[in-house]
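Take a look at the structure set out below.
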Amino acid sequence: MKNIIVIVFVVTFLTACNSNVNNLKDSSKEDLSKIEGTWKLVYGEIRENDSIQIRDISKSEFIKIINKTHFAFFNQQKESSEGFYGGAGTYSLNGNDYVEKLSYIDNLQFRNHTFPFKVEIKGDSLIQSGTEEVKELNMKRYIIEKYIRIK
Numbered sequence: 002m003k004n005i006i007v008i009v010f011v012v013t014f015l016t017a018c019n020s021n022v023n024n025l026k027d028s029s030k031e032d033l034s035k036i037e038g039t040w041k042l043v044y045g046e047i048r049e050n051d052s053i054q055i056r057d058i059s060k061s062e063f064i065k066i067i068n069k070t071h072f073a074f075f076n077q078q079k080e081s082s083e084g085f086y087g088g089a090g091t092y093s094l095n096g097n098d099y100v101e102k103l104s105y106i107d108n109l110q111f112r113n114h115t116f117p118f119k120v121e122i123k124g125d126s127l128i129q130s131g132t133e134e135v136k137e138l139n140m141k142r143y144i145i146e147k148y149i150r151i152k
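Position one of the sequence shown corresponds to residue 2 (the working numbering), numbered consecutively onward.
Pasting the structure below:
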């Protein structure tokens, strides 16, 4: 009888552990699927030294595209072909910790740098914030970017 109770306990315990592992895997997949998509910047703020710069998005469009493993972004003026720029790379997402590794960009000093951010997704909104630092450029700034999902 004791052996049966022990076996039932062990099976129940292992089933519960497996269920928790599956829930963790599912939540990780859910986090990834929530961030995947095409996003349009609706607010951008840069805090550097003692100044705050609010990005003027009335004359340009900044788009970010995120798939399962990579991100890409581009900025285009609405009324001109000047000022176009873009970049891309890989990213990792662990809960709200989102880290971009910028591999493709015209500025060599930005290439292969990692930028850690916090992200928050609320419905069709993505809020990304964190410090962008490139020591070679003596650049250290805190950014807040708010995006809406493009359907």
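Just so it is clear, CB atoms sit at the ideal spot from N, CA and C, and this is done for glycine as well.
Own chain partners of Trp40 with C-beta closer than 8 Å, once the 5 adjacent residues on each side are dropped:
For this step, residue 40 is matched to residue 39 along the sequence shown. Excluding sequence neighbours, Trp40 sits near Ile64, Lys65, Ile66, Ile67, Leu127, Tyr148, Ile149, Arg150 and Ile151.
Got a sec, what are the start and stop residues for the beta strand (DSSP E) Ser93 sits in?
On the sequence shown, position 92 is the one that residue 93 refers to. From DSSP, the beta strand (DSSP E) with Ser93 extends over Tyr86 to Asn95.
Going by Cα to Cα distance, which pick from Gly131, Val135, Tyr143 and Gly124 is closest to Gly38?
Indexing the sequence shown from 1 puts residue 38 at position 37. When only C-alpha atoms are compared, the closest one is Gly124.
Taking C-beta to C-beta, are Glu46 and Lys60 nearer than 9 Å?
Residue 46 sits at position 45 when you count from the first residue of the sequence shown. Residue 60 sits at position 59 when you count from the first residue of the sequence shown. No, the Cβ-Cβ distance between Glu46 and Lys60 is not below 9 Å.
Option nearest Glu62 by Cα separation, candidates Thr132, Tyr143, Gln77 and His71:
As a working note, residue 62 is residue 61 in the sequence shown. Checked all of Thr132, Tyr143, Gln77 and His71; the closest Cα to Glu62 is Gln77.
Please report how far the alpha carbon of Gly84 lies from the alpha carbon of Phe75, in whole angstroms.
In the sequence shown, residue 84 corresponds to position 83, counting from 1. In the sequence shown, residue 75 corresponds to position 74, counting from 1. Going by the C-alpha atoms only, they are around 10 Å apart.
Collapsed DSSP secondary structure at Asp27 in the structure displayed:
As a first step, residue 27 must be located in the sequence shown, where it is residue number 26. Caution is warranted here: a pLDDT of 48 is assigned to Asp27, below 50, making its placement in the model unreliable, and the coordinate value is therefore given only provisionally. DSSP places Asp27 in helix when its eight states are reduced to three.
Which two residues bound the contiguous beta strand (DSSP E) that contains Thr70?
The residue labelled residue 70 in the question sits at position 69 within the sequence shown. Thr70 -> no beta strand (DSSP E), and no H or E assigned at all.
Closest by C-alpha distance to Asp57, when choosing among Asn50, Tyr44, Gln110 and Glu49
Numbered from its first residue, the sequence shown carries residue 57 at position 56. The shortest C-alpha separation from Asp57 is found at Tyr44.
Burial state of Ile53, where buried means 16 or more other Cβ atoms lie within 10 Å:
Position 52 of the sequence shown holds residue 53. When all chains shown are included, Ile53 counts as exposed.
Which same chain residues end up closer than 6 Å to Ala89 when comparing Cβ atoms and leaving out the 5 residues on each side of it in sequence?
Locating residue 89 in the sequence shown gives position 88, where the first residue counts as 1. If we look at Ala89 and ignore the five residues flanking it on each side, its Cβ neighbours are Ala73 and Tyr105.
Take the Cβ of Tyr92 as the centre, count every other Cβ of all protein chains shown within 10 Å, and call the residue buried at 16 or more, exposed below.
What you label residue 92 is simply residue 91 of the sequence shown in a count that begins at 1. Result: buried.
On a Cα-Cα basis, can you pick out the residue from Leu109, Asn95, Glu137 and Lys119 that is closest to Val144?
On the sequence shown, position 143 is the one that residue 144 refers to. According to the sequence shown, residue 144 is Ile rather than Val. Answer by Cα proximity: Lys119.
Less than 9 Å between the beta carbons of Thr115 and Glu101, yes or no?
Numbered from its first residue, the sequence shown carries residue 115 at position 114. Numbered from its first residue, the sequence shown carries residue 101 at position 100. Cβ atoms of Thr115 and Glu101: closer than 9 Å.
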